[in-house]
Amino acid sequence: MKAYVPLFLLVLTLIPVAAFPSSVSLQWDPSTDPDLAGYRVYYQANSPVQPFAGSGAVEGAAPIDVSTGTTASISGLDPRNSYYFAVTAYNASGAESIYSNVVQVKEMVPPVVGIISPAPNVTVTGSVAVNVSAVDNVGVTNAELYANGKFLAGGNSAPYVFNWPTASLAPGQYTLTAKAYDAAGNVGTAEQVVFVSGDAAAPTVTITAPSNNKQVSGIVTVTAGATDNVGVTGLALYDNSTLVYAANQSPLSYNWNTATAGAGSHTLVVIASDAAGNAGSSSVTVTVSNDVTSPSVNILSPSSSTLSNANLKVSASAKDNVAVVRMEVYLDGALLLGTNSGSISASAKVAAGVHTVAVNAYDAAGNKGSRTVSVIR
Numbered sequence: 001m002k003a004y005v006p007l008f009l010l011v012l013t014l015i016p017v018a019a020f021p022s023s024v025s026l027q028w029d030p031s032t033d034p035d036l037a038g039y040r041v042y043y044q045a046n047s048p049v050q051p052f053a054g055s056g057a058v059e060g061a062a063p064i065d066v067s068t069g070t071t072a073s074i075s076g077l078d079p080r081n082s083y084y085f086a087v088t089a090y091n092a093s094g095a096e097s098i099y100s101n102v103v104q105v106k107e108m109v110p111p112v113v114g115i116i117s118p119a120p121n122v123t124v125t126g127s128v129a130v131n132v133s134a135v136d137n138v139g140v141t142n143a144e145l146y147a148n149g150k151f152l153a154g155g156n157s158a159p160y161v162f163n164w165p166t167a168s169l170a171p172g173q174y175t176l177t178a179k180a181y182d183a184a185g186n187v188g189t190a191e192q193v194v195f196v197s198g199d200a201a202a203p204t205v206t207i208t209a210p211s212n213n214k215q216v217s218g219i220v221t222v223t224a225g226a227t228d229n230v231g232v233t234g235l236a237l238y239d240n241s242t243l244v245y246a247a248n249q250s251p252l253s254y255n256w257n258t259a260t261a262g263a264g265s266h267t268l269v270v271i272a273s274d275a276a277g278n279a280g281s282s283s284v285t286v287t288v289s290n291d292v293t294s295p296s297v298n299i300l301s302p303s304s305s306t307l308s309n310a311n312l313k314v315s316a317s318a319k320d321n322v323a324v325v326r327m328e329v330y331l332d333g334a335l336l337l338g339t340n341s342g343s344i345s346a347s348a349k350v351a352a353g354v355h356t357v358a359v360n361a362y363d364a365a366g367n368k369g370s371r372t373v374s375v376i377r
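What follows is the structure, given as structure tokens:
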């Protein structure tokens, strides 16, 4: 039976070396025991449970006797495994110390990464689904996607499919880099070169009012909307190629005065643009037919220019090619009565002298008809 005695406290460290992953270099503090006979290196794969009983190293199975030196190189290890190491000291009588501190060398196999799609050197546009494959001997903990070094997205579970929006990117060559990590911190990468064509999609425009081939008059509200795969940056309204209104976002709404546009056929065009300079348009044709005919006024009374007493009675009617919407009676320039119809009757007491009676009629287009008479009392 082996005897374990606390000969000393060993401090075990790893020596950083740019070595093949299957080789590990160890170093520890020397013992001050005058009866020191040597050191033994213990190792084991994938488990910290003691005692270590590893095997497979070129130097042999655990424990490995390394004489009285304070360094050791253990080679022939499987880089797919994590290894745990400890050192003991023993004296000439065969007594052996307890384990030193335990050091771990994590498995060194990085994940295997690939970019499944898009294919190399293809030209892409719009929203691109980038499909990344990642496998590891232990397990992938996270995958990430970069474009020209800029982080795009990440995920911690398969499938690793990331959305890459390219519509707003400048045309040209881009390098996609996929990275995958495992729990030991190993990183696997894959790169793929693709080409971005840029945003070639024009905005879609819809004119919601007025409708096509409609006859219009007066103030007409023109409304339109636009959509784009990236975003609409501007809208412009044209009347027969003349710019009448511009807006920097959708929707567009504009009150168009057809009275100043002139009678006849008008083509209304709405053009929408995006940041890439793509433009989309929609148009409607309307016919402007404004009412320019004034109502005609007929004063029924007073029928004589002479009044026999102070009682003035006024009655009148009006006609229009469309419709009379209002009539007004003025006496000596002051409004006596108004009504929203095509006829009117009013009365007033007047003093001796000459008086002016005016009757005005209006239609919906704002045209005005007028008739004036003078009476003497």
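1 is the number of the first residue of the sequence shown in the numbering used here; add one for each residue after it. The beta carbon of each residue, even a glycine, is placed where N, CA and C say it ideally should be.
{"query": "At least three beta-carbon pairs within less than 8 Å, the region 127-134 to the region 99-118", "result": "yes"}
{"query": "Continuous beta strand (DSSP E) stretch holding ALA279: start and end", "result": "279-288"}
{"query": "Beta-carbon proximity list for PRO79, same chain, < 8 Å, skipping 5 on both sides", "result": "PRO21, SER22, GLU107, MET108, VAL109"}
{"query": "Same chain only: Cβ atoms within 8 Å of ASN367, ignoring 5 sequence neighbours per side", "result": "ASP291, VAL292, THR293, SER294, PRO295, ASP320"}
{"query": "Counted within 10 angstroms of its Cβ, other Cβ atoms place VAL286 as buried (16 or more) or exposed", "result": "buried"}
{"query": "Range of the contiguous beta strand (DSSP E) that encloses GLY258", "result": "Before going on, a small fix: residue 258 reads as Thr here, not Gly. It is not in any beta strand (DSSP E) - THR258 instead sits in the alpha helix (DSSP H) that spans 258-261."}
{"query": "Enclosing beta strand (DSSP E) for ALA53 [first to last residue]", "result": "Where ALA53 is concerned, there is no enclosing beta strand (DSSP E), given that its DSSP letter is neither H nor E."}
{"query": "Same chain, Cβ closer than 7 Å to GLN173, five either side skipped, listed in chain order", "result": "VAL193, PHE195"}
{"query": "Distance CB(LEU26)-CB(ILE74) smaller than 8 Å", "result": "yes"}
{"query": "Between the CA atoms of ASP332 and SER315 - distance to the nearest angstrom", "result": "16 Å"}
{"query": "LYS377 - DSSP class collapsed to helix/strand/coil", "result": "One detail in the question is off: residue 377 reads as Arg in this sequence, not Lys. Note: ARG377 maps to coil in three-state DSSP."}
{"query": "Same chain, Cβ closer than 6 Å to PRO63, neighbours up to 5 away in sequence not counted", "result": "ARG40, TYR42"}
{"query": "Close beta carbons around SER383, own chain, < 6 Å, minus the five adjacent residues each side", "result": "No information on residue 383 is available, as it lies outside the stretch 1 to 377 that the chain covers here."}
{"query": "Three-state secondary structure (DSSP) of ARG371", "result": "strand"}
{"query": "Three-state secondary structure (DSSP) of MET327", "result": "strand"}
{"query": "Pair within 8 Å by beta-carbon distance, ASN229 and ALA272", "result": "no"}
{"query": "THR233 beta carbon less than 8 Å from that of ALA275", "result": "yes"}
{"query": "Terminal residues of the beta strand (DSSP E) in which ASP182 lies", "result": "172-182"}
{"query": "Residue environment, LEU243, which counts as buried when at least 16 other CB atoms sit within 10 Å", "result": "exposed"}
{"query": "Reduced DSSP secondary structure (H/G/I, E/B, other) of SER294", "result": "coil"}
{"query": "Buried versus exposed, by CB contacts within 10 Å (16 or more), PRO48", "result": "exposed"}
{"query": "According to DSSP, residues forming a beta bridge with ASP274", "result": "VAL232"}
{"query": "8 Å Cβ cutoff, SER265 in contact with chain B", "result": "The structure shown contains no chain B, having only a single protein chain."}
{"query": "Spatial distance of ASN142 from ALA153 (CA atoms)", "result": "11 Å"}
{"query": "contact_flag[the region 89-97, the region 162-177] where n(CB pairs < 8 Å) is 3 or more", "result": "no"}
{"query": "Of the residues PRO203, SER343, SER157, TYR83, the one placed nearest ALA45, counting alpha carbons only", "result": "TYR83"}
{"query": "8 Å contact criterion, which PHE162 and VAL130 should meet: CB distance rounded", "result": "5 Å"}
{"query": "Residue of GLY155, PRO30, ASN148 minimising C-alpha distance to ALA180", "result": "GLY155"}
{"query": "ALA365, buried or exposed, once every other Cβ within 10 Å from all chains shown has been counted against 16", "result": "buried"}
{"query": "DSSP three-state assignment for PRO165, whether helix, strand or coil", "result": "strand"}
{"query": "C-alpha gap between GLY38 and THR68, whole angstroms", "result": "4 Å"}
{"query": "Beta-bridge pairing of ILE64 - partner residues as DSSP gives them", "result": "VAL41"}
{"query": "Between the CA atoms of SER303 and SER341 - distance to the nearest angstrom", "result": "22 Å"}
{"query": "Which of helix, strand or coil DSSP assigns to LYS214", "result": "coil"}
{"query": "Residue environment, PRO34, which counts as buried when at least 16 other CB atoms sit within 10 Å", "result": "exposed"}
{"query": "Limits of the unbroken beta strand (DSSP E) element including GLU59", "result": "It is not in any beta strand (DSSP E) - GLU59 carries neither H nor E in the DSSP assignment."}
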